[in-house]
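Chains as they are written, first to last, in this note's numbering: chain W, 66 to 180; chain S, -19 to 93.
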């Protein structure tokens, strides 16, 4: 399986704290994306980082990518109770510069932010 | 932004019946759509790639005769679960490719009794 791994599997923090989630993958990639999913709902795209980028910010989100280690991290700063959800990384497979559009998802991290 | 819809959002069917799930790109044309499946408390797994005007490409381990995919137009792909069984109960999510970015539908929860 090409599916990546995420850690931790579950993270419980207090409001105002920062939450860091890590993702590792196995193949060469075109980009890596982070998604959020509320229980039983669809996916919300959070941020995309390309293989030639090392860090990207969007509001309270900060994503890093280390292609040499095949890993990425998502940092949510000043967390809120509304951030409670599952977070998934997803990699888009690339070969010879061609993007196939298919995403391989990590196992996900369940984040619980206590008010 | 681009919008992808799915219908129905929830469906309950009896074992042995077939269920059709629709995935529509509402404001753009998508020559390629993807179907994912998500079991409870698990991640999404790609089932197949739906190509407009040609046969779908299935991932290893996915039965193409059980999960029929039809991409009849540039805005519609359908997934039919044939002879559904309780183990097919899952959350099915489609995505459509627009200019290299994936846009996901809200998902369809299938329960087979």
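Positions of the beta carbon are idealized from the N, C-alpha and C atoms, including for glycine.
Between the C-alpha atoms of residue i and residue j, what's the straight-line distance to the nearest angstrom?
i                     : j                     : result
residue 136 (chain W) : residue 152 (chain W) : 15 Å
residue 66 (chain W)  : residue 79 (chain W)  : No answer about residue 66 (chain W) holds up, because its pLDDT of 41 lies below 50 and its placement is not dependable.
residue 157 (chain W) : residue 80 (chain S)  : 10 Å
residue 72 (chain W)  : residue 173 (chain W) : 8 Å
residue 37 (chain W)  : residue 66 (chain S)  : Outside the modelled stretch of chain W, which goes from 66 to 180, sits residue 37 (chain W), for which no answer is possible.
Using a beta-carbon distance below 7 Å, is residue i in contact with chain S?
i                     : result
residue 74 (chain W)  : no
residue 91 (chain W)  : no
residue 79 (chain W)  : no
residue 181 (chain W) : Beyond the ends of chain W as shown, which are 66 and 180, falls residue 181 (chain W); an answer cannot be given.
On the CB-based measure, 16 or more other CB atoms within 10 Å of its CB, does residue i come out buried or exposed?
i                     : result
residue 74 (chain W)  : exposed
residue 77 (chain W)  : exposed
residue 109 (chain W) : exposed
residue 83 (chain W)  : exposed
Verify the CB distance criterion: does residue i have a CB-CB separation below 7 Å to chain W?
i                     : result
residue 12 (chain S)  : yes
residue -12 (chain S) : no
residue 66 (chain S)  : no
residue 50 (chain S)  : no
residue 84 (chain S)  : yes
residue 87 (chain S)  : yes
Looking at the structure shown, is residue i part of a helix, part of a strand, or coil, going by DSSP?
i                     : result
residue 148 (chain W) : helix
residue 67 (chain S)  : helix
residue 172 (chain W) : coil
**Prompt:** Using Cβ-Cβ distances below 7 Å, what residues of the stretch 18 to 31 of chain S are close to chain W?
**Reply:** Those would be 23, 24, 26 and 29, in chain order.
**Request:** Could you name the residues of the stretch 139 to 158 of chain W whose beta carbon sits closer than 7 Å to any beta carbon of chain S, in the order they occur along the chain?
**Result:** Per Cβ criterion, the list reads 153.
**Asked** What residues in the stretch 99 to 133 of chain W bring their beta carbon closer than 9 Å to a beta carbon of chain S?
**Response** The stretch 99 to 133 of chain W vs chain S, Cβ under 9 Å: 100, 102, 105, 106, 107, 108, 109, 110 and 113.
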